Amino acid sequence: MAGCDPLVNIEGAFFPAWLISGVSGLIAMVLTWSVLRKVGVDQFIWARPFTYICLLIMYTCVTWLVLYAN
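Here the sequence shown is numbered in our numbering, starting from 759 and rising by one per residue.
This is the structure:
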């Protein structure tokens, strides 16, 4: 079961990979939100909370798959 939760060594401290994926997904979602606001598309999105939560989950899963899936 130790292989199910890969740990990443950052400056000597071990962090779970899901935490790093979640933080990077959150950063990517905030960047997407700011770009959509600047372009003017954000005001036309019908279900904003649902849309941004789905973007957060998508970015988190993509980060996990790209960096940690073997």
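A virtual CB, placed ideally from N, CA and C, is assigned to each residue, including glycine.
Quick caveat: nothing in here was measured; it's all calculated off a predicted structure.
- Query: By Cβ distance, which residues of its chain are closer than 8 Å to Ser782, with the 5 residues on each side in sequence left out?
  - Reply: On the sequence shown, position 24 is the one that residue 782 refers to. Excluding sequence neighbours, Ser782 sits near Tyr817, Thr818 and Thr821.
- Pro807 lies in the alpha helix (DSSP H); which residues open and close that run? Taking the first residue of the sequence shown as 1, we reach residue 807 at position 49. From DSSP, the alpha helix (DSSP H) with Pro807 extends over Arg806 to Tyr826.
- Query: Going along the chain, which residues of its own chain have a beta-carbon closer than 7 Å to the beta-carbon of Leu813, five neighbours each way excluded?
  - Reply: Counting from one through the sequence shown, the residue named residue 813 turns up at place 55. Counting only Cβ-Cβ distances below 7 Å, and skipping sequence neighbours, we find Met787 and Thr790.
- Message: I'd like to know whether the C-beta of Ala827 is nearer than 8 Å to at least one C-beta of chain B.
- Response: Of the chains in the structure shown, none is chain B; there is only one protein chain.
- Item | In DSSP terms, what Val766 is bridged to | Position 8 of the sequence shown, counted from the start, is the residue given in the question as residue 766. Answer is Phe773, bridged to Val766.
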